[in-house]
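Read through the structure below, which is laid out as structure tokens, and then see the notes.
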Amino acid sequence: MFRKSLNLGVATLGLAMMLGGPAHAEETFKLGFLGGLTGYLAPYDQPSLDGLTFGVDEINKAGGLQGKYKIELVSRDMRSETAESAVIAQELAGAGVNFLVVPCDVDPAVAAGQISAAAGIPTMSSCASTPTLPGIVGEYMFSNYTADNLQAAALGDYAMKQGYKNAFVMLSKDTPYTQKLPEYFVEVFKKKGGSIAGIIEYKMGQQDFAAEVTKIKGLSPAPDVIMTSAYEPDFPAFIKALRAAGITTPVLGSDGIDSPTTLALGDVAEGVVFTNAGFATEGSALAKFFADYKAAKGKEPETLYVATGYDIVKVLDAAVGASQGKLDGKSLRDAVDGLENVAVATGTMTYKGMNRVPLRTVALNKVTGGARALVELVTPAAADVPAAQ
Amino acid sequence: MDIVLQQLLNAVALGGTYALLALGLAIVFSVMGLINFAHGELMTATGYGIFFGIAAGFPFILSLGMGVGLAVVLALSMERVAFRPIRRASPTIMLLTSFAVSTILHTLMQNLISARPKPIPIPDMLAGAVTIGAHQIGTIQVLSIVIAAVSLIGLTLFFRATLLGIGMRAAAEDFDVARLMGLNANRVIAVAFAISGVLAGIAGILWLFQRGSVDPLMGFVPVLKAFIAVVLGGMGSLVGAVAGGFILGVVEVLLRAFLPDALISYRDAISLSIVIAILYFYPDGIIPRRENIR
Chain A
296 MFRKSLNLGV ATLGLAMMLG GPAHAEETFK LGFLGGLTGY LAPYDQPSLD GLTFGVDEIN
356 KAGGLQGKYK IELVSRDMRS ETAESAVIAQ ELAGAGVNFL VVPCDVDPAV AAGQISAAAG
416 IPTMSSCAST PTLPGIVGEY MFSNYTADNL QAAALGDYAM KQGYKNAFVM LSKDTPYTQK
476 LPEYFVEVFK KKGGSIAGII EYKMGQQDFA AEVTKIKGLS PAPDVIMTSA YEPDFPAFIK
536 ALRAAGITTP VLGSDGIDSP TTLALGDVAE GVVFTNAGFA TEGSALAKFF ADYKAAKGKE
596 PETLYVATGY DIVKVLDAAV GASQGKLDGK SLRDAVDGLE NVAVATGTMT YKGMNRVPLR
656 TVALNKVTGG ARALVELVTP AAADVPAAQ
Chain B
103 MDIVLQQLLN AVALGGTYAL LALGLAIVFS VMGLINFAHG ELMTATGYGI FFGIAAGFPF
163 ILSLGMGVGL AVVLALSMER VAFRPIRRAS PTIMLLTSFA VSTILHTLMQ NLISARPKPI
223 PIPDMLAGAV TIGAHQIGTI QVLSIVIAAV SLIGLTLFFR ATLLGIGMRA AAEDFDVARL
283 MGLNANRVIA VAFAISGVLA GIAGILWLFQ RGSVDPLMGF VPVLKAFIAV VLGGMGSLVG
343 AVAGGFILGV VEVLLRAFLP DALISYRDAI SLSIVIAILY FYPDGIIPRR ENIR
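For the record, the sequence lines run as chains A and B. Sequential numbering of the first sequence, starting at 296, is according to our numbering. Sequential numbering of the second sequence, starting at 103, is according to our numbering.
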């Protein structure tokens, strides 16, 4: 008896799925997320997913993308392993996702992108900032985050405006971010007439910067400014050693140091200027996002990656509008590629004519009394942005 | 000449931290034959102990004590829960277990605390520099040298003057014979883990003074350095571990300071080549554990 009713139940369920299936699929936008929720990418991919989830919940409450297409978010942990990234991309492609968000780092993003792009699924890295990424993978791959060359252009321009003539640069060849961003800066700074006092290399995680600082101290003439894209734990160790040695030269950094640690460093970090993806001025979209997030979760986001993760949902909403509801890979891809001035939490984003690396607003922040103070919000002129290489 | 002396001071400061870490690894290895790769997580635990201490409003010094205390508790717990059941197992099993403990701990920290770094505000008085004669040296580096020296002297006294310390040295030389002499194995091993916790805690504090934040993965690089130092000094030799730590620190800093720019990308390769060259001439390490010497 039990068995019979079970069979009947299964049959009913099956019938219901058959009847309800196609209509249901039309209303659902399947969004895949694969990221390093554990391992070295967790500090970036966890908040990206957090923001993405927040955006998905918000838009689903309002009826879905363009008020019609509810998002079904499927997320997977690739444990910060490149090989795992490809395996999960295969799984999610098989599950029929309409759009795939891939890790914050170039290598696993490429591994995943090569699978999903081949399957014709538009793919976007949550926060990889290497501008060559979409070009490496191909037509279906997009970036989301403020690219390295964009940040370098903003920093180079700022340095010139401050009247700095002679810059010293510290880079590490361990990652594209720590190497290329300073190299793009050198390109911009030289093009605008500045000179480079020297370039020094460090090793990520080396902790002790006394040797490098002693070298900088020995420079004659002393540089006007020091630029680096080092981030935690290297940047705090570096700036402490630098200031302890009595070197007061201004320091420029990038979004990697946009963290509570930098603000908690006290006097040593005072006056450090760095770029990031946005600044919450009063009445701005970002301020509203922070307030909404706080209202929902009881605390402000730990990092801007939450906001840039949320931005992806805004881009999707605009793309589905542009594709007039067509959710197939080709239509979505073309739609994203043609987006202009999409209002997102961190400002605006433009993909049109940008080779799938968005033009975003760059915020220049200055560490002032243990807080960020806005220097300016800039959108670098396309001619000032060094070519991705 | 000035710059040479300055860089030598830098080298000693870094070497001192490495020495403390290596000694922590070596103490456990000497009594148990285990290279505990979860040693780095003890440093991380110190960081979180300090972070939560400060967040709860405790004074800075007390928070430092809480950090070291947490490292000791964690070291004792990992011995009791993970390593005691496999004490008689092969070295490979012990090694893999320590990797597992390390992975479990940092995954727990990522998911239960935060994957993002947590700031540890360091008092401004630690940010400055001390002038010694014509030389300037960072306060943190002076502290590193002093704290490393005090810890090493304290530990030497412990090993030479206390019964437990002498027992541990005996256990380090030949654990089975020491047990036959009436040494309590559980106690010796637990004390070894406790000491390794204290040393990881102190090294962790010095590390944190430099970096200003704690994150779940912060123990990874230091434990690798400590492992190199232990191998360099001679597996199981306590004095060797200290020597290995200092040598590694000095080699790293001097290479960073004096290698020509064109070669600086290769400095890790060069420093490891130097380590290999030393091991070629001293295959058992610089100061090997005394075995079968009558």
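Glycine is no exception: its CB is placed at the ideal position from the N, C-alpha and C atoms. Source: prediction; values computed, not measured.
{"Query": "Reduced DSSP category for E367/A - H, G, I as helix; E, B as strand; rest coil", "Result": "strand"}
{"Query": "For Q385/A and N269/B, the rounded distance between their alpha carbons", "Result": "For the sequence presented, residue 269/B should be read as Gly rather than Asn. The alpha-carbon atoms of G269/B and Q385/A are separated by roughly 58 Å."}
{"Query": "CB of T570/A within 8 Å of CB of Q446/A, strictly", "Result": "yes"}
{"Query": "Between the CA atoms of F484/A and G451/A - distance to the nearest angstrom", "Result": "5 Å"}
{"Query": "Proximity to G387/B [Cα-Cα], best of G336/B, A343/B, D104/B", "Result": "G336/B"}
{"Query": "Given 8 Å, three or more beta-carbon pairs between the segment 656-666 of chain A and the segment 287-294 of chain B", "Result": "no"}
{"Query": "For I297/B and I152/B, the rounded distance between their alpha carbons", "Result": "19 Å"}
{"Query": "Cβ separation of T148/B and V170/B, assumed to be a contact under 8 Å, to the nearest whole Å", "Result": "6 Å"}
{"Query": "Three CB pairs or more closer than 8 Å across the segment 351-361 of chain A and the segment 406-416 of chain A", "Result": "no"}
{"Query": "Straight-line gap, F311/B to F480/A (C-alpha atoms, nearest Å)", "Result": "30 Å"}
{"Query": "Chain-ordered neighbours of D400/A on chain B, where CB pairs are closer than 7 Å", "Result": "The contacting residues do not exist; D400/A stays about 14 Å from chain B at best."}
{"Query": "Residues of the segment 207-220 of chain B with Cβ closer than 9 Å to any Cβ of chain C, in chain order", "Result": "The displayed structure is made up of protein chains A and B, and chain C is not among them."}
{"Query": "Assigned secondary structure, A575/A (DSSP; H/G/I helix, E/B strand, else coil)", "Result": "coil"}
{"Query": "Beta carbon of V377/B nearer than 8 Å to that of I304/B", "Result": "no"}
{"Query": "Per-residue DSSP class, three states only, for F394/A", "Result": "strand"}
{"Query": "Rounded C-alpha distance that separates P317/A from T323/A", "Result": "Annotation note: pLDDT 43 at P317/A (below 50); position unreliable, coordinate value reported separately. Near 10 Å, if we compare the C-alpha coordinates of T323/A and P317/A."}
{"Query": "Neighbour-count burial assignment, G488/A, 16 or more Cβ in a 10 Å radius", "Result": "exposed"}
{"Query": "Helix, strand or coil at D372/A [DSSP, three-state]", "Result": "strand"}
{"Query": "Pairwise C-alpha distance: G306/B and S200/B", "Result": "19 Å"}
{"Query": "Residue range of the alpha helix (DSSP H) that includes M522/A", "Result": "First-last for M522/A: 520-523, but that is the beta strand (DSSP E), not the alpha helix (DSSP H)."}
{"Query": "Buried versus exposed call for I416/A [16 or more other C-beta atoms within 10 Å across all chains shown]", "Result": "buried"}
{"Query": "Unbroken alpha helix (DSSP H) run spanning V355/B, endpoints", "Result": "340-360"}
{"Query": "Positions along the segment 559-578 of chain A whose CB lies within less than 8 Å of some CB in chain B", "Result": "A559, L560, G561, D562, V563"}
{"Query": "Cβ neighbours of F574/A in the same chain (closer than 8 Å, five flanking residues each side left out)", "Result": "L581, A658, N660, R667, L669, L672"}
{"Query": "Proximity test, Cβ basis, 8 Å: S370/A and chain B", "Result": "no"}
{"Query": "Against chain B: residues of the segment 591-621 of chain A by CB proximity under 7 Å", "Result": "E597, T598"}
{"Query": "Among A236/B, L107/B, S246/B, V130/B, nearest to V332/B - alpha-carbon criterion", "Result": "V130/B"}
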